[in-house]
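To start, the structure itself, in structure tokens.
Residue numbers (this note's numbering), protein chains in the order written: chain A, 433 to 800; chain C, 433 to 800.
The following block contains the structure:
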């Protein structure tokens with residue numbers, strides 16, 4: 433599917449897996465409703481058990497697609513792939529899949545479900561884009577420059593090859609260009625800073641590939657960065673394997689939670705600190721909003737023949753709505769085409785790769 | 433060297449590389465002076481250029497050993513190992529090396545120098561303990577239980593085998609037992625939480641080794657933990673490879689720095705927030721002391737035939753003094769023997785390993 437050739441659909445429609453996440457429809461429905469209110473030109477397809485979605489049956493620009501099964505947060509991938517063939521997640525993903533004419537019923541899918549199942553089903557239903565070996569999960573973290581650092585991969589791929597890391601860099605660049613309006617975002621390769629051991633072999637080879645891509649003008653490669661650079665905002669994008677990215681993300685969540693708890697404890701210590709808290713409250717609330725991780729909710733699964741966004745499993749309605757917003761922005765800004773174009777352009781220019789420059793509609797409908 | 437057989441020296445002496453770190457003697461000398469004041473039973477051997485250390489020549493319980501060369505923070509390892517043979521770091525390490533009678537001039541070495549050089553020279557001068565393939569760097573991070581989580585490895589080993597990770601777990605247990613007084617600390621194996629991909633092959637095999645060691649009563653293995661568990665304090669110890677550990681540590685430093693900067697900005701926003709800051713200041717200062725990373729300064733290099741502690745390169749005198757304190761506590765609590773004993777005990781009980789139970793003094797003086 434090369435959507436440049438397609439007419440832009442009159443409205444952007446999102447396919448929403450309403451049953452996913454820790455809270456299911458109790459969170460997804462209010463989020464969808466708020467999203468529809470804030471996007472008068474958008475539509476939503478709610479996917480899930482009809483009985484659970486009945487309250488939305490009269491909403492405007494909203495249709496309901498019935499799916500009888502639900503993938504639980506701890507269902508193994510095999511269950512998601514082989515047993516629950518009518519799961520809300522799978523049905524939602526299939527709505528994003530292009531038909532033979534390259535047309536799909538929805539332009540992006542959003543789920544707060546089980547990441548493993550989401551990744552496996554996405555690959556199975558949508559397939560990867562030409563030139564991409566593995567999809568990656570990208571998300572943004574706030575940085576000290578009052579901007580965001582896009583980090584990928586955040587957990588889809590435990591072991592990565594240098595080629596995977598190059599692909600992540602290119603996909604991340606397309607994402608930041610599409611959503612951040614920065615056509616030439618800088619890319620850092622996550623490494624460790626000690627002189628002894630500037631990374632392992634994979635990292636060294638990835639750096640070499642990134643340098644070649646940068647020399648060809650296909651990438652703005654900054655060089656190696658370290659863990660603290662993510663929060664310094666040294667580069668727009670930080671590329672790493674999914675193991676390291678996942679540890680980094682969760683450690684950041686854990687540290688932020690700890691520091692927040694400590695601040696609360698300090699202000700509750702005694703009557704004087706409680707009085708200080710009253711005075712400091714507006715400032716602290718402003719700070720809290722600024723680092724509210726719900727604002728950054730919505731990881732993008734990149735490298736698939738369809739747009740898929742993942743909200744945190746524990747999302748509340750506000751966080752889930754942010755994921756819907758990001759999916760909407762990605763669809764409006766034609767992220768899929770941008771990723772596709774960038775990856776073909778970059779890989780075509782790399783020595784030793786063989787990617788045909790002209791994908792066909794048949795690619796999109798290829799079944800496993 | 434199996435120091436159980438040795439008489440406990442009358443005082444603990446620390447060998448200090450006074451030239452290491454970003455600031456050299458300007459930081460190390462005041463730290464040593466404060467340390468000596470607070471430890472009336474301890475001695476220090478200052479190592480560095482005589483001219484730079486002259487101000488300490490009259491200090492009590494303090495001697496000066498001249499070293500003509502200095503390893504700069506960005507000197508490559510080859511320079512440290514092959515060229516600068518009279519560096520302060522190398523001379524300081526050699527003071528910790530046991531002679532043929534198992535006696536050394538100092539019981540621990542402390543440096544704020546270049547980590548790569550410190551690790552390489554430590555291995556070269558001191559050698560690794562029997563049963564240890566590679567030394568690891570261990571440090572503590574604060575956790576939400578108001579305690580500390582010991583994390584290793586933090587950057588010495590980029591690629592690790594399952595056996596390395598087992599050794600790190602055992603060494604970390606010995607460290608926490610010696611310094612934290614907890615004889616049976618729990619160990620978590622750092623992994624990622626998504627169902628899809630519970631770690632790579634190395635992690636899976638390491639988990640198996642840790643389970644075997646735990647079944648034999650040699651380790652308190654909790655199981656897999658994730659990045660946020662470090663700050664939750666789920667386990668006393670978290671084991672990971674040096675790449676992941678280094679990224680985690682630096683990301684935590686970066687995030688903490690960002691949040692601190694944000695809080696400051698919020699309180700400086702306008703006249704009202706500045707007034708709130710005055711009221712909140714004592715509370716914020718208390719919070720700041722609580723998470724002051726300088727308190728946690730002093731990573732331990734474990735697995736060597738001698739105690740070596742590393743302070744952060746950018747340490748100020750307070751932070752460097754904390755590293756001296758940790759080195760002193762480790763020496764007083766016979767950390768070296770504990771690591772040695774635990775590792776032999778554990779490995780002897782593991783199927784497929786061959787470690788002799790009785791090391792000899794000759795082991796300690798083995799030269800490469």
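Idealized CB from N, CA, C, for every residue including glycine.
Residues near residue i in its chain [Cβ-Cβ closer than 6 Å; skip 5 each side]
| i | result |
| --- | --- |
| residue 803 of chain C | Only positions 433 to 800 of chain C appear in the structure, and residue 803 of chain C is not among them; the question remains open. |
| residue 522 of chain A | 553 |
| residue 495 of chain C | 477 |
| residue 793 of chain C | Low per-residue confidence applies at residue 793 of chain C: pLDDT is 39, beneath 50, and the placement is therefore not dependable enough to give any value. |
| residue 612 of chain C | none |
| residue 504 of chain A | none |
Chain C within 9 Å of residue i, Cβ atoms only
| i | result |
| --- | --- |
| residue 632 of chain A | yes |
| residue 682 of chain A | yes |
| residue 494 of chain A | no |
| residue 739 of chain A | no |
| residue 781 of chain A | no |
| residue 445 of chain A | no |
| residue 628 of chain A | Interpretation of residue 628 of chain A is limited by its pLDDT of 38, a score under 50 that renders its predicted location unreliable; no figure is taken from the coordinates. |
Cutoff 9 Å: residue i Cβ touching any chain A Cβ
| i | result |
| --- | --- |
| residue 664 of chain C | yes |
| residue 715 of chain C | yes |
| residue 450 of chain C | no |
| residue 624 of chain C | yes |
| residue 671 of chain C | no |
| residue 675 of chain C | yes |
| residue 587 of chain C | yes |
Contact under 9 Å by Cβ, residue i with residue j
| i | j | result |
| --- | --- | --- |
| residue 513 of chain C | residue 549 of chain C | yes |
| residue 588 of chain C | residue 566 of chain C | yes |
| residue 488 of chain C | residue 461 of chain C | yes |
| residue 497 of chain C | residue 527 of chain C | yes |
| residue 783 of chain A | residue 663 of chain A | no |
| residue 683 of chain C | residue 757 of chain A | no |
| residue 653 of chain C | residue 619 of chain C | yes |
| residue 802 of chain A | residue 709 of chain C | The first residue shown for chain A is 433 and the last is 800, placing residue 802 of chain A beyond what the model contains. |
| residue 571 of chain C | residue 732 of chain C | yes |
| residue 657 of chain C | residue 592 of chain C | no |
| residue 511 of chain A | residue 590 of chain C | no |
| residue 492 of chain A | residue 517 of chain A | no |
| residue 466 of chain C | residue 753 of chain C | yes |
| residue 774 of chain A | residue 644 of chain A | no |
| residue 472 of chain C | residue 704 of chain A | no |
| residue 820 of chain C | residue 449 of chain C | Outside the displayed range of chain C (433 to 800) lies residue 820 of chain C, so it cannot be described from this structure. |
| residue 665 of chain C | residue 585 of chain C | no |
Chain-ordered neighbours of residue i on chain A, where CB pairs are closer than 8 Å
| i | result |
| --- | --- |
| residue 575 of chain C | 690 |
| residue 596 of chain C | The contacting residues do not exist; residue 596 of chain C stays about 14 Å from chain A at best. |
Contacting residues, own chain, Cβ-Cβ under 7 Å from residue i (five flanking each side not counted)
| i | result |
| --- | --- |
| residue 750 of chain A | 726 |
| residue 777 of chain C | 650 |
| residue 509 of chain C | 548, 549, 552 |
| residue 463 of chain C | 749, 752, 753, 756 |
| residue 796 of chain A | Because residue 796 of chain A sits at a pLDDT of 37, beneath the cut-off of 50, its placement in the model cannot be relied upon, and the following sentence gives the value as read from the coordinates. 433, 530, 534, 737, listed in sequence order. |
Residue interval of the alpha helix (DSSP H) (run including residue i)
| i | result |
| --- | --- |
| residue 720 of chain A | 703-722 |
| residue 548 of chain A | 547-558 |
| residue 636 of chain C | 633-647 |
| residue 523 of chain C | 520-528 |
| residue 682 of chain A | 674-699 |
| residue 443 of chain A | Note, residue 443 of chain A: premise wrong, no alpha helix (DSSP H); not H, not E. |
| residue 604 of chain C | 594-612 |
Partner residues on chain C for residue i, Cβ-Cβ distance less than 8 Å
| i | result |
| --- | --- |
| residue 723 of chain A | 691, 694 |
| residue 719 of chain A | 694, 695, 698 |
| residue 659 of chain A | 678, 679, 680, 681, 682, 683, 684, 685, 686 |
Listed by chain order, chain C residues near residue i by CB distance under 7 Å
| i | result |
| --- | --- |
| residue 699 of chain A | 715 |
| residue 705 of chain A | 715 |
Terminal residues of the beta strand (DSSP E) in which residue i lies
| i | result |
| --- | --- |
| residue 828 of chain C | The question about residue 828 of chain C has no answer, for chain C in this structure spans 433 to 800. |
| residue 543 of chain A | 540-543 |
| residue 459 of chain C | Where residue 459 of chain C is concerned, there is no enclosing beta strand (DSSP E), although the alpha helix (DSSP H) it sits in stretches over 457-470. |
Per-residue contacts from residue i into chain A (C-beta, under 7 Å)
| i | result |
| --- | --- |
| residue 582 of chain C | Result: empty, since nearest Cβ-Cβ is about 15 Å, beyond 7 Å. |
| residue 712 of chain C | 708, 711, 712 |
| residue 591 of chain C | 632 |
Spatial neighbours of residue i in its chain, beta-carbon cut-off 8 Å, leaving aside the 5 residues before and after
| i | result |
| --- | --- |
| residue 540 of chain A | 444, 446, 447, 528, 738, 739, 740, 741, 759, 760, 762, 763 |
| residue 555 of chain C | 567, 736 |
| residue 627 of chain A | Summary for residue 627 of chain A: the model assigns pLDDT 42, below 50, so the residue's position carries little reliability, and this model does not support an answer. |
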